[in-house]
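So the structure is just underneath, and the comments pick up after that.
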Amino acid sequence: MRKIGIIGATGSIGSQAIDIIEQEKDDFQVIFLTAHNQLDKLIKIGKKVNAKHLVLTSERHHTDKVLTGIDELLKVIENEEIDIILSAAVGFSGLIPTYCALKKGIDIALANKESMVAAGRLLNETAKKNDAKIIPVDSEHSAVYQCLLGHDTSYLEKIILTASGGPFRNRPIDSFEFISVEEALNHPNWSMGRKITVDSATMMNKGLELIEARFLFNVGHDKLDVVIHPESIIHSIVAFCDGSYLAQMGVPDMKIPISYAISYPERVKLDIPRLNFFELKKLTFIKPDFERYPCLRIAMEALKIDKNSIYIALNAANEVAVDAFLKEVIKFNEIPMIIERTIEDFPVEDVMDIEEIVKMDKLAREKSRKLMSNII
Ligand code: NAD
Ligand code: MG
């Protein structure tokens with residue numbers, strides 16, 4: 070019996086994890102589930118998997134039906150015996166509970182890439198100190214993790230993340246300012262939460278994933294690459310110094326990496342479509358174009374600086390800008406502008422302390438909001 074908690078249980082990743090746990094009832098005991106706002110849905114899924122605690126993390130709601138507020142979540146993490154936590158909240162908000170869990174030596178199945186981007190070094194150090202594992206849920210990182218198992222990483226030459234290219238791979242660039250929210254939310258291969266779907270359209274998602282990979286696998290920018298692979302069958306590739314490549318494949322279904330991360334080192338039998346190579350016929354690969362995807366260029370430049378104040382600023386500005394785009398306050402092509410200007414002249418330093426990281430994130434958000442009010 071594995072004792073599990075899920076942060077962000079009502080989201081796209083969280084809901085798929087609930088389905089897997091329901092299927093594998095005998096293997097998991099659910100210690101807690103959290104949601105930010107959706108009380109009814111939280112109660113419903115809590116019943117489904119017989120969760121011991123339910124926490125609504127938003128401070129705005131007060132109800133005696135469930136625990137409320139982030140402090141209650143931290144208390145549950147502190148006081149309960151838990152083997153693994155699926156960190157699947159969206160955005161920087163996932164950082165504090167993830168950090169507290171690692172501090173207690175609890176393994177993390179990490180979907181919340183933003184916390185690794187903002188605090189990769191601190192999370193790695195905390196995990197190491199407390200003998201906790203961080204197992205990636207992101208499909209690309211799960212692929213890399215699986216390809217690297219049993220290999221000495223001193224022979225690693227490159228990690229190549231694959232990207233679908235999103236819905237605007239062939240759209241004329243001069244029409245990007247007219248991209249509607251609905252168009253941006255229409256991803257060709259994956260069904261995901263709103264923020265990550267927009268990130269996939271700008272390809273900041275791949276930028277965040279490069280930074281995530283930098284910390285998960287402890288590699289520099291010179292060992293990281295991106296290739297567009299529109300079919301999303303190869304989930305990522307690792308190359309070794311002898312010219313050998315390993316790749317992981319599968320249908321694009323997040324249940325594969327989610328189940329892998331929460332069951333590791335075991336595997337779950339999943340009832341999802343198998344690859345049919347005769348139907349696939351061919352796989353294609355395209356070089357990403359920075360003019361089409363400026364967010365990817367910005368992330369790659371940040372990787373060269375490799376100071377986490379810059380990663381914090383990039384992540385915070387992206388969250389602010391994507392939120393504004395979703396509210397139709399700014400245009401699609403203004404997202405990279407806000408991120409780039411937020412990073413410009415931002416303090417360049419490594420912040421290791423959790424409180425300093427939170428302060429730095431606030432500072433970046435204030436700056437990007439100010440920049441935004443100048444645009445609109
Ligand atoms: P989602 O929007 O569908 O769900 C987000 C969840 O987080 C919900 O349960 C929500 O209640 C909770 N939440 C929202 N704001 C919060 C806050 N301020 N504090 C605490 N909880 C909050 O998002 P998603 O698509 O499931 O993505 C979750 C994370 O997983 C993101 O970091 C995303 O980048 C990553 N991820 C998602 C996918 C995918 O297929 N959806 C794939 C790879 C990585
Ligand atoms: Mg991914």
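Last residue of the sequence shown: number 445 in my numbering, and the count goes up by one each step with no gaps. All residues carry an ideal CB built from backbone N, CA and C; glycine is no exception. Model, not experiment: these values are computed from the prediction.
Nearest to I445 by alpha-carbon distance, out of A393, I408, E424, is A393.
Taken in chain order, the complete beta strand (DSSP E) segments of 3 residues or longer contained in the stretch 159–214 are 176–179, 203–205. Nearest neighbour of E128 by Cα position, chosen from L230, A104, A385, turns out to be A104. S156 is bridged by DSSP to I76, L179. If the five residues before and after N387 are omitted, its C-beta is found closer than 6 angstroms to the C-beta atoms of M273, I408, all from its own chain and listed in chain order. A residue is called buried when at least 16 other Cβ atoms come within 10 angstroms of its Cβ; M369 meets this threshold and is buried. For Y333, the three-state secondary structure derived from DSSP is coil.
Ranked by Cα distance from N181, the first of F161, I248, M323 is F161. Taking 8 angstroms as the cut-off, the beta carbon of I367 is found no closer than this to the beta carbon of A188. Looking only at A253, R361, K144, P241, the smallest Cα-Cα distance to E397 is reached by A253. Linking D291 to I306 through their CA atoms gives a straight-line distance of about 15 angstroms. Per DSSP, I139 is one residue of the alpha helix (DSSP H) stretching across 139–148. Here D109 is exposed. Its C-beta has fewer than 16 other C-beta atoms within 10 Å.
Look at D207: its beta carbon is less than 7 angstroms from one of the heavy atoms in the ligand MG. Between the ligand MG and the CB of E300, the shortest heavy atom gap is not smaller than 7 angstroms. Closest by C-alpha distance to P334, out of L372, P326, K356, is P326. Take the alpha-carbon of A232 and the one of I204: they are about 20 angstroms apart.
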